[in-house]
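Report on one structure; see the data block that follows.
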Amino acid sequence: MDARLAPLHLRLGLAASALLGASALIAGALAAAPQTPAPVSAAGPVYNIEIIVFQATATLGTHSIVAGDESASGAAQVGHFVAMLPASVWQLTDLENRLRASGGYVPLAHVAWSQTASSWGTRAGFALQRLGINVPGLSGTVFLERGQFLHLGMSLTYAMASPPPGLGAAPDTSFTLNQSRRVHFYERNYFDHPAFGVIALVTPLQGARAPGR
């Protein structure tokens, strides 16, 4: 029978059969084709780190920070820098504004970046200049390490032109902050020193959210 002369319901049935046949052929071709897996960093998971470095106008309190028991596992690995993060995605901006408005603290630098973690115990990190921090008198490194747990650490030196009066230090005295601590995602971490300090936030690259939510 000429398809043009067939009843409407028969022509629709023929068209549907043709579509089903084509769909089956396409599905078969897709199933046979090799599937490309989602990209995974050979260096491990990627983390976002955000820090505020601030100076106190009065002497800060300080406490000892113990990293906790850890052990290295496998071959040592050095973290890889991924990218700087724009201010539009920072999560500590409100806190920086409150520090500035308090009159008791002077924010010196506020940056955020993405990286993978180094192996525990390597203390392999990135210089402040690499992270976009160029504050006169301030130098050092920030490092993220993973063993059984995730740790953020820093070794910073700050030669302050005007140390807090309570320290009784002369102008341009150098102070060192050398601490490492276990961190939990979305929690603010405070690295204290009588002269200056750091507030840090570590989040996974996926699922970043504001602290406390």
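Numbers 25 to 237, taken from the working numbering, label the letters of the sequence shown in order. From the three backbone atoms N, C-alpha and C, an ideal C-beta is built for every residue, glycine too.
- In the structure shown, Asn121 falls within a helical segment according to DSSP collapsed to helix, strand and coil.
- At a Cβ-Cβ threshold of 7 Å, Ile73 and Val226 count as neighbours.
- The bridge partners DSSP lists for Pro228 are Tyr71.
- Under DSSP, Tyr182 shares a beta bridge with Leu162, Phe199.
- In chain order, Leu174, His175, Leu176, Asn213, Val226 place their CB closer than 7 Å to the CB of Val207, counting only its own chain and leaving out the 5 sequence neighbours on each side.
- Ala141 is a Cβ neighbour of Leu168, given a cutoff of 7 Å.
- In the DSSP assignment, His134 falls within the beta strand (DSSP E) that extends over 129–140.
- Spanning the alpha carbons of Ala125 and Pro131 requires a straight line of approximately 10 Å.
- As the crow flies, the alpha-carbon of Asn158 is around 7 Å from that of Leu152.
- Exclusion of the five residues before and after Ala183 leaves Gly161, Asp196, Ser198 as the residues of its chain whose Cβ lies within less than 6 Å of its Cβ.
- Non-local beta-carbon contacts of Arg147 in its own chain, meaning distances under 6 Å to residues more than five positions away in sequence, involve Phe167 in chain order.
- DSSP places Val77 within a strand segment (E or B) once states are collapsed to three.
- A straight line joining the alpha-carbon of Ser186 with that of Val77 spans about 16 Å.
- With fewer than 16 other beta carbons inside 10 angstroms of its own, Gly128 counts as exposed.
- The three-state reading of DSSP puts Ala111 in helix, counting H, G and I together.
- The residues Glu74, His134, Ala136, in chain order, have a CB closer than 8 Å to that of Trp114 in the same chain once the five nearest residues on each side in sequence are set aside.
- The beta-bridge partner set that DSSP reports for Arg212 consists of Leu225.
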